[in-house]
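Asker:
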Amino acid sequence: MDDSRPPATPAVPPPGRPPATRGRAPEPRPGDLRAGDSDRERVAAVLGDALADGRLAHDEHEERLEAVYRARTLGELAAITADLLPPEAQPLRTDVRPVTAFFGSEERSGRWVVPTRFSATAVCANVTLDLCEALLQSSHVTLQVTVIGGTLTLIVPEGVRIEMPASLFLGGKKNQVRPAPDGPVIEITGLVSMGSVIAKSPKRPRRSWFRR
């Protein structure tokens with residue numbers, strides 16, 4: 001039997017999107033992750049402040065507030081406050097660009113998305129990554145660091161396991177996080193020279209002897 005049909009053309013991914021790995025679902029983009037009630041409340045609080053100081057009129061506030069509670073993804077929520085605050089002050093951050101500091105300081109904190117692979121650079125500088133309210137995109141995150149004459153401080157909530165391969169560090173390292181065998185893993189790799197990497201959990205509030 002003569003089959004004259006042309007061979008099938010392999011599927012080509014859309015521009016800007018890497019091809020999917022066979023047998024493995026593609027990783028969702030940060031903006032496509034589902035939003036929770038706490039995320040909506042963060043955005044609603046920003047809208048309330050904008051109404052109070054006159055940045056939003058009453059009808060604009062009502063319209064955006066309705067959009068908040070209709071939103072299903074982090075990207076939809078982030079768009080609602082995009083013109084109200086600078087990027088570093090947004091209640092939700094879906095920006096996964098590397099954190100870089102030269103002869104200064106840089107901090108990323110609050111509600112932000114930590115991708116599966118992430119990088120941070122500190123050259124004669126201090127970088128702080130606070131993951132206490134962050135959303136991990138994977139249960140195993142690889143943090144690629146370059147620290148030269150500086151300090152990188154990683155703050156994680158309890159229940160996260162930190163892995164620091166000793167062979168990659170020419171500087172100081174300090175892991176103050178209590179081991180959590182079943183929790184998500186943050187593996188720190190890269191180069192540390194004449195600097196240090198510190199991983200710790202937030203300090204617990206001290207109990208006052210005068211409190212009943």
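Residues 1 to 212 (full-length UniProt numbering) make up the sequence shown, in order.
Idealized CB from N, CA, C, for every residue including glycine.
For the ligand COA, I want to know if residue 77 counts as a neighbour, meaning its beta carbon is within less than 6 Å of at least one of the ligand's heavy atoms.
Answerer: This structure lacks the ligand COA; in fact it carries no ligand of any kind.
Asker: Label residue 173 either buried or exposed according to how many other C-beta atoms from any shown protein chain fall within 10 Å of its C-beta, with 16 as the threshold for buried.
Answerer: Position 173 of the sequence shown, counted from the start, is the residue given in the question as residue 173. Buried: at least 16 other Cβ atoms inside 10 Å.
Asker: Could you compute how far the alpha carbon of residue 21 sits from the alpha carbon of residue 29?
Answerer: Sequence index remark: in the sequence shown, residue 21 carries index 21 (1-based). Sequence index remark: in the sequence shown, residue 29 carries index 29 (1-based). Any answer about residue 21 is weak, because its pLDDT of 46 lies below 50 and its placement is not dependable; what the coordinates show is given next. Those two C-alpha atoms are separated by around 15 Å.
Asker: Am I right that residue 188 and residue 145 are in contact with their C-beta atoms under 8 Å? What's the rounded C-beta distance?
Answerer: Looking up residue 188 in the sequence shown gives position 188. Looking up residue 145 in the sequence shown gives position 145. Indeed they touch by this definition, with Cβ atoms about 6 Å apart.
Asker: Okay, do the region 135-142 and the region 107-120 touch, 3+ Cβ pairs below 8 Å being the bar?
Answerer: yes
Asker: Pick helix, strand or coil for residue 11, following the three-state DSSP scheme.
Answerer: In the sequence shown, residue 11 corresponds to position 11, counting from 1. Its pLDDT being 48, under 50, residue 11 is placed unreliably in this model, and the value from its coordinates should be taken loosely. In the structure shown, residue 11 sits in coil (DSSP, three-state: anything other than H, G, I, E or B).
Asker: Under the three-state reduction of DSSP, which class applies to residue 96: helix, strand or coil?
Answerer: Within the sequence shown, the letter at position 96 stands for residue 96. Three-state result, residue 96: coil.
Asker: Keeping to the same chain, check which residues put their C-beta closer than 6 Å to that of residue 78; ignore five residues upstream and five downstream.
Answerer: Against the sequence shown, residue 78 aligns to sequence position 78. So the list reads 92 and 94, once near-sequence residues are dropped.
Asker: Exposed or buried, residue 176, counting other C-beta atoms within 10 Å across all chains shown (16 or more means buried)?
Answerer: Here residue 176 is taken as the residue at index 176 of the sequence shown, counted from 1. Exposed, since its Cβ has fewer than 16 Cβ neighbours within 10 Å.
Asker: Quick check: what's the CA-CA separation for residue 60 versus residue 46?
Answerer: Stepping through the sequence shown from its first residue, residue 60 is reached at position 60. Stepping through the sequence shown from its first residue, residue 46 is reached at position 46. Roughly 13 Å between the two C-alpha positions.
Asker: Hey, how far is the Cα of residue 75 from the Cα of residue 162?
Answerer: In the sequence shown, the residue the question calls residue 75 occupies position 75. In the sequence shown, the residue the question calls residue 162 occupies position 162. Between residue 75 and residue 162, the C-alpha separation is close to 29 Å.
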